[in-house]
Amino acid sequence: MAGKKRIAVLASGRGSNFQAVLDAMRDGRIPATCVGLYTDNPKAYAADRARAADIPVTTVDYSRFASREEYEKALLRELVSCNPDLLVLAGYMRIVGSEIVKEFTGRMINIHPALLPSFPGLHGQRQALEHGVKVAGCTVHFVDENLDGGPIIVQKCVPVLEGDDEEALAARILEQEHRCLPEAIRLFCEGRLSIVGRRVIIR
Ligand code: GAR
């Protein structure tokens, strides 16, 4: 196999998905190395996880920029300078700007806590509960200019149970997220994904 792929991760908070990716790399389930953790939030726990694993942390603090455009420009500069093969959004809670989408088209993926195309945007789990669906889940997809709308790579589903509140459903979905994201990254790193129209073909 060719050398290990270089993966950069962008996260805003807790970083449990990031941790699942690190664990999968450490166990040899993903033929890749993490070249950097990027965050918009100086308090993100994901950054502590990165430091504990000796992964460089870059904070591009959203609150320090005068405009969204300037923030995006600075973030893009940082991301490009680490030259990743794949950019993974693992709990990144902002909409990715068009310059970043353009730069990383076909090599940027996102994990979303709903079965897309249902319930894009914030609080996918709450939207699912409020809608009354009986099955919920998570999706890993390529990022394009449509919010949570790019080609779907992997999905996993869970039941919605009587008496679920948002926290219980989110926890059940999160367990599947931790399987879904490493699986999608592995497929990408093994060169097994191609985008045809709005579909992802897995070889
Ligand atoms: C996860 O549930 C992820 O799917 C969601 O945020 C959580 C982050 O958890 N992402 C989104 O809602 C993106 N729109 P984590 O920080 O523990 O990985």
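So for the sequence shown, the working numbering puts the first residue at 59; every next one is plus one.
Glycine included, each C-beta is placed from N, C-alpha and C at the ideal position.
C-alpha distance - residue i paired with residue j, whole-angstrom precision
i    : j    : result
A186 : E225 : 12 Å
V212 : T117 : 29 Å
M166 : G182 : 20 Å
D112 : A102 : 16 Å
S156 : A90  : 27 Å
F76  : G149 : 8 Å
G61  : N204 : 32 Å
F246 : G164 : 10 Å
R72  : R261 : 33 Å
Of the listed residues the options, nearest to residue i (C-alpha basis)
i    : options                : result
L144 : E248, G221, K131       : E248
N168 : E161, Q77, K160, M151  : M151
D223 : G73, A66, A194, L174   : A194
P171 : K62, R256, R237        : R237
N141 : G73, E127, A66, F246   : A66
A104 : S74, L133, E161        : S74
K63  : R244, R261, P100, L251 : R244
C196 : H189, E188, G190, S176 : S176
I158 : E136, G179, L174, L173 : E136
Beta-carbon proximity list for residue i, same chain, < 6 Å, skipping 5 on both sides
i    : result
P114 : G94
K192 : V218
Sheet register partners of residue i (DSSP bridge)
i    : result
Q213 : T197
N168 : L147, H199
7 Å Cβ shell around residue i - same chain, five flanking residues per side excluded
i    : result
A242 : I167, V198, I211, V212
P209 : H199, F200, I253, R256, R257, V258
P100 : T117, D119
P240 : A78, V79, A82, R87, I88
Around the ligand GAR, what residues have a beta-carbon under 5 Å from a heavy atom of it, in chain order?
G71, R72, G73, S74, N75, G149, I169, P171
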